[in-house]
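Below: one structure, written as structure tokens.
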Amino acid sequence: MTSHIHKFLIGVVVGLGMTGLGCSVMPTRLTQDEIQQRVQEDLAQLTQFQEPVARPITLFEAMARALKYNLETRVQGLKEMVAHRQLDLAHYDLLPQVVANAAYNGRSNFAGASSQSLATGQQSLVSSTSSDKNIYTSNLTLSWDVLDFGLSYVRAEQAADDVLIAEEDKRRIANRVIQDVRAAFWKAVGAERALGRLAFLQDWVTQALGEGHLIRERALADPLTSLQYERELLSAQREIQQLYQELSLSRIHLAELMNLDPGEPYELAVPEHPPLVSKVEEKLEELEYRALMNRPELRKVDYQKRINAKETKAAILELLPNLNVYLGGNYDSNNFLFHNNWLNYGAKVSWNLLNVFRHPVRLQVIDAQEKVLDMQSLALTMALMSQVHVSVAQYHAAMKDVVTGKRYLDTQMAIADQVQRAWSLNRLSEHLVIREKMQGLVAELRYESALAKLEMAYANVLAAIGEDPFPTGSTGDGVDELAVALKERWEWLERPEVFARVHQSETQPEKTNTKPQGTDIQLQETVAQSQETDLQPQEPTTQPQKRANP
Numbered sequence: 003m004t005s006h007i008h009k010f011l012i013g014v015v016v017g018l019g020m021t022g023l024g025c026s027v028m029p030t031r032l033t034q035d036e037i038q039q040r041v042q043e044d045l046a047q048l049t050q051f052q053e054p055v056a057r058p059i060t061l062f063e064a065m066a067r068a069l070k071y072n073l074e075t076r077v078q079g080l081k082e083m084v085a086h087r088q089l090d091l092a093h094y095d096l097l098p099q100v101v102a103n104a105a106y107n108g109r110s111n112f113a114g115a116s117s118q119s120l121a122t123g124q125q126s127l128v129s130s131t132s133s134d135k136n137i138y139t140s141n142l143t144l145s146w147d148v149l150d151f152g153l154s155y156v157r158a159e160q161a162a163d164d165v166l167i168a169e170e171d172k173r174r175i176a177n178r179v180i181q182d183v184r185a186a187f188w189k190a191v192g193a194e195r196a197l198g199r200l201a202f203l204q205d206w207v208t209q210a211l212g213e214g215h216l217i218r219e220r221a222l223a224d225p226l227t228s229l230q231y232e233r234e235l236l237s238a239q240r241e242i243q244q245l246y247q248e249l250s251l252s253r254i255h256l257a258e259l260m261n262l263d264p265g266e267p268y269e270l271a272v273p274e275h276p277p278l279v280s281k282v283e284e285k286l287e288e289l290e291y292r293a294l295m296n297r298p299e300l301r302k303v304d305y306q307k308r309i310n311a312k313e314t315k316a317a318i319l320e321l322l323p324n325l326n327v328y329l330g331g332n333y334d335s336n337n338f339l340f341h342n343n344w345l346n347y348g349a350k351v352s353w354n355l356l357n358v359f360r361h362p363v364r365l366q367v368i369d370a371q372e373k374v375l376d377m378q379s380l381a382l383t384m385a386l387m388s389q390v391h392v393s394v395a396q397y398h399a400a401m402k403d404v405v406t407g408k409r410y411l412d413t414q415m416a417i418a419d420q421v422q423r424a425w426s427l428n429r430l431s432e433h434l435v436i437r438e439k440m441q442g443l444v445a446e447l448r449y450e451s452a453l454a455k456l457e458m459a460y461a462n463v464l465a466a467i468g469e470d471p472f473p474t475g476s477t478g479d480g481v482d483e484l485a486v487a488l489k490e491r492w493e494w495l496e497r498p499e500v501f502a503r504v505h506q507s508e509t510q511p512e513k514t515n516t517k518p519q520g521t522d523i524q525l526q527e528t529v530a531q532s533q534e535t536d537l538q539p540q541e542p543t544t545q546p547q548k549r550a551n552p
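What follows is the structure, encoded as structure tokens:
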């Protein structure tokens with residue numbers, strides 16, 4: 003008896019100790035060492051397993067590096083991988099359950115009992131036992147729940163749609179990254195083209211400002227004229243600095259998109275200026291239809307609608323009674339049993355009657371969610387159609403800016419050339435030459451900025467209509483292979499028939515084209531005139547001349 007009390011007291015003490023241990027848990031802040039370790043690990047993993055930059059980076063190599071190494075695209079790729087793993091996990095829910103149990107039961111004495119007659123109330127049997135004090139039991143049971151199988155099948159279908167949703171999200175992120183890469187690359191290239199002349203003129207302007215200040219102090223010229231000249235130089239210098247800063251900062255942004263260290267030096271392969279040819283036709287109805295067919299945002303809503311429709315099937319299955327079939331093998335170490343090993347099998351039907359009252363409310367929730375998705379689809383449709391119109395308008399506006407900027411640059415270069423010739427003949431002052439050179443550099447930087455905006459506008463048009471600017475399923479290749487695939491893809495996208503092809507569909511609604519087409523015709527004429535001007539022989543007094551280096 004004393005030993006039993008002793009065991010009981012030990013159990014009470016252990017229970018109280020575990021309870022006190024659970025109540026003693028308190029919030030623990032991160033230490034500086036832990037934070038420092040996290041920072042070191044993150045910095046070590048930022049650019050791990052990346053191909054090093056061994057040569058000047060081309061546009062398509064920059065796009066390839068962004069698709070492979072950009073952290074945002076990698077996060078989306080991991081989310082897609084998680085969706086695939088969740089689908090694999092959902093497949094296991096379709097299998098029957100195989101449950102193994104093992105137990106040990108002990109007593110301080112035997113479990114004995116006696117019987118009493120219901121007729122006479124007298125004890126009919128001597129107190130006896132049919133169980134050992136210490137018993138070990140085990141069993142292995144296979145069970146299959148028919149209703150759970152149906153629900154698991156529906157959940158697996160929904161998990162498969164979640165995989166497709168993750169793929170559409172990955173498309174959306176990749177499209178946006180490609181747009182940012184093209185804009186940053188062309189801006190950085192514009193800064194590279196103007197860098198040499200900018201440094202030369204900067205020294206020249208600094209010297210001219212110093213001379214002007216000295217002339218004003220010594221009263222060698224009219225102070226007002228000297229101040230006006232200094233103001234013109236400072237105004238041009240400020241605009242050059244602003245334009246160059248806008249273009250040069252894109253180099254840092256481009257490094258971020260390619261997941262290069264912010265301070266890592268790299269060179270860009272500076273390409274020639276692309277030909278000024280309009281790549282986008284104003285077939286807005288066709289572009290709208292392609293956007294509604296291809297945009298990942300609308301496809302994502304379509305998959306969400308499929309998931310919601312399958313939720314109706316799940317609600318109906320939950321309304322049905324549940325059938326459970328089982329088969330198992332058992333073992334019991336009790337020596338009083340005639341058979342210590344045996345098989346058991348059976349079937350069980352259960353039905354939660356409250357699901358009958360819950361079902362109508364569940365259907366109302368599903369119906370409300372369907373209406374939300376329908377309205378979301380309509381809102382996206384309107385937004386994407388507007389985005390198509392805006393992107394096309396921005397592209398043609400950017401094309402006009404490039405054409406105007408090219409003409410302005412040619413005119414300014416011709417003026418600067420004429421001033422240079424007159425100065426060489428001692429007909430004009432050096433101050434006028436510096437001013438025109440400064441204006442020429444301003445015109446060049448504006449032209450480079452307009453070219454970068456044009457390239458970004460073209461990428462925006464492709465994104466607006468849902469054309470993937472990257473080959474599907476090739477992100478696992480190396481940088482060189484992916485760059486080649488991207489180049490082939492973009493060469494195909496820049497073909498005129500890409501925007502001229504018309505999707506024929508019996509379900510496509512017919513629309514009346516109410517937008518005038520004169521804008522595109524005028525733009526093409528302007529581009530043609532600009533190219534003819536570049537090809538004509540230039541006269542010193544009437545036509546723009548080639549730019550001379552400062």
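Everything in the sequence shown is counted per my numbering, starting at 3 for the first residue and increasing by one.
Virtual Cβ for every residue (Gly too), placed ideally from N, Cα, C.
Computed from a predicted model, the values in this text were never measured in an experiment.
Environment of residue i [buried if 16+ CB atoms lie within 10 Å]
i, result
"Asn-343", "exposed"
"Leu-236", "exposed"
"His-93", "exposed"
"Ser-228", "buried"
"Lys-408", "buried"
"Gln-99", "exposed"
"Gln-306", "buried"
"Phe-51", "exposed"
"Gln-243", "exposed"
"Arg-360", "exposed"
"Pro-298", "buried"
"Arg-292", "buried"
"Tyr-449", "buried"
"Asp-224", "exposed"
"Asp-482", "exposed"
"Phe-373", "According to the sequence as given, residue 373 is Lys; it is not Phe. Looking at its Cβ environment, which holds fewer than 16 other Cβ atoms inside 10 Å, Lys-373 is exposed."
"Asp-44", "exposed"
"Val-41", "exposed"
Residue i - DSSP class collapsed to helix/strand/coil
i, result
"Ile-417", "helix"
"Gly-108", "strand"
"Tyr-397", "helix"
"Asn-261", "coil"
"Leu-329", "strand"
"Asp-147", "strand"
"Leu-18", "helix"
"Gly-214", "helix"
"Ile-12", "helix"
"Leu-525", "Low per-residue confidence applies at Leu-525: pLDDT is 41, beneath 50, and the placement is therefore not dependable, though the value from the model is reported in the following sentence. Three-state DSSP puts Leu-525 in a helix."
"Lys-81", "helix"
"Gln-124", "coil"
"Thr-139", "strand"
"Asn-1", "No information on residue 1 is available, as it lies outside the stretch 3 to 552 that the chain covers here."
"Gln-389", "helix"
"Asn-72", "coil"
"Asn-337", "coil"
"Tyr-155", "helix"
"Thr-60", "coil"
"Tyr-347", "strand"
Nearest-angstrom Cβ-Cβ length linking residue i and residue j, presumed shorter than 8 angstroms
i, j, result
"Ser-126", "Ser-119", "5 angstroms"
"Ala-452", "Asp-412", "With a Cβ gap of about 14 angstroms, Ala-452 and Asp-412 do not count as contacting."
"Pro-471", "Leu-495", "7 angstroms"
"Leu-97", "Val-179", "Contact flag wrong, Cβ pair sits at about 40 angstroms."
"Asn-598", "Leu-18", "Residue numbering for the chain in the displayed model covers 3 to 552; residue 598 lies beyond these limits and cannot be assessed."
"Leu-256", "Val-183", "7 angstroms"
"Pro-58", "Leu-270", "6 angstroms"
"Leu-133", "Val-327", "Note on residue identity: the sequence assigns Ser, not Leu, to residue 133. 31 angstroms between Cβ atoms; not a contact."
Proximity below 8 angstroms, CB of residue i to CB of residue j
i, j, result
"Leu-286", "Val-394", "yes"
"Gln-181", "Met-458", "yes"
"Gln-366", "Asn-310", "no"
"Glu-232", "Gly-214", "yes"
"Gln-441", "Gln-420", "no"
"Val-463", "Val-165", "no"
"Leu-319", "Val-101", "no"
"Ala-158", "Leu-89", "yes"
- Message: Would the stretch 188-208 count as touching the stretch 243-252 if we require 3 or more Cβ pairs under 8 angstroms?
- Response: Short answer: they touch.
- Query: Do the stretch 350-357 and the stretch 174-183 touch if we need at least three Cβ pairs shorter than 8 angstroms?
  - Reply: They do not touch, by the three-pair rule.
- Query: Is it true that the stretch 382-396 meets the stretch 457-467, where meeting means three or more beta-carbon pairs spaced less than 8 angstroms apart?
  - Reply: Result yes; three or more Cβ-Cβ pairs closer than 8 angstroms.
- Is it true that the stretch 65-73 meets the stretch 482-500, where meeting means three or more beta-carbon pairs spaced less than 8 angstroms apart? Using a C-beta cut-off of 8 angstroms, the stretch 65-73 makes contact with the stretch 482-500, since at least three inter-stretch Cβ pairs fall below that distance.
- Task: Count the C-beta pairs between the stretch 134-145 and the stretch 91-108 that are closer than 8 angstroms, then say yes if the count reaches three, no if not.
- Result: Contact between the stretch 134-145 and the stretch 91-108 is present, because at least three Cβ pairs lie under 8 angstroms.
- Message: When you compare the stretch 138-155 with the stretch 329-345, are there three or more beta-carbon pairs, one atom per stretch, that lie closer than 8 angstroms?
- Response: Yes, they touch.
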